[in-house]
Amino acid sequence: MPWLDWVVTPISKQSRLITTPIERLPPVLSIENTPHVLLTPQLSAIPASELGDAIIGALDFLCTGYERHVLIPV
């Protein structure tokens with residue numbers, strides 16, 4: 002089922018990065034007044050069953066504005 006896959010990207014506090022990211026590729030986000038970098042070069046598609054309910058709920062809310070309760074087969 003195609004809806005069981007998600008495209009995700011890691012996020013890191015900007016202060017934890019060892020090197021300076023390529024300009025414009027990883028957007029900088031402010032989370033609780035702390036700069037975080039969206040590590041878009043590490044974008045990946047993974048099965049939803051590996052994400053867990055909390056992350057899937059957060060992605061649902063981010064993309065749609067509400068959280069769907071979907072049971073994921075294991």
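Our numbering puts the first residue of the sequence shown at 2, with every later residue one more than the last. For every residue, glycine included, the Cβ atom is placed at its ideal position computed from N, Cα and C. Bear in mind that the values here come from a model prediction, so they are computed numbers and not experimental data.
### Message
Taking the alpha carbon of Gly36 as the reference point, which residue from Ser16, Pro27, Pro42 and Ile23 has its own alpha carbon closest?
### Response
Translated into the one-based positions of the sequence shown, residue 36 becomes position 35. Here residue 36 turns out to be Pro, not Gly, going by the sequence shown. Pro36 has its Cα closest to that of Ser16, out of Ser16, Pro27, Pro42 and Ile23.
### Message
I'd like the ranges of any beta strand (DSSP E) spanning at least 3 consecutive residues and lying wholly in the stretch 31 to 63.
### Response
35 to 39 and 45 to 48
### Query
Rounded to a whole number of angstroms, what is the C-alpha to C-alpha distance between Leu18 and Glu33?
Along the sequence shown, one-based indexing puts residue 18 at 17. Along the sequence shown, one-based indexing puts residue 33 at 32. Approximately 18 Å, taken between the alpha carbons.
#### Entry: Among Ala55, Thr20, Pro48 and Ile56, nearest to Trp7 - alpha-carbon criterion
Residue 7 sits at position 6 when you count from the first residue of the sequence shown. The shortest C-alpha separation from Trp7 is found at Pro48.
### Query
Since Ser16 is in the beta strand (DSSP E), which residue starts that stretch and which ends it?
Reading the sequence shown from its first residue, position 15 is the one you call residue 16. No beta strand (DSSP E) holds Ser16; DSSP gives it neither H nor E.
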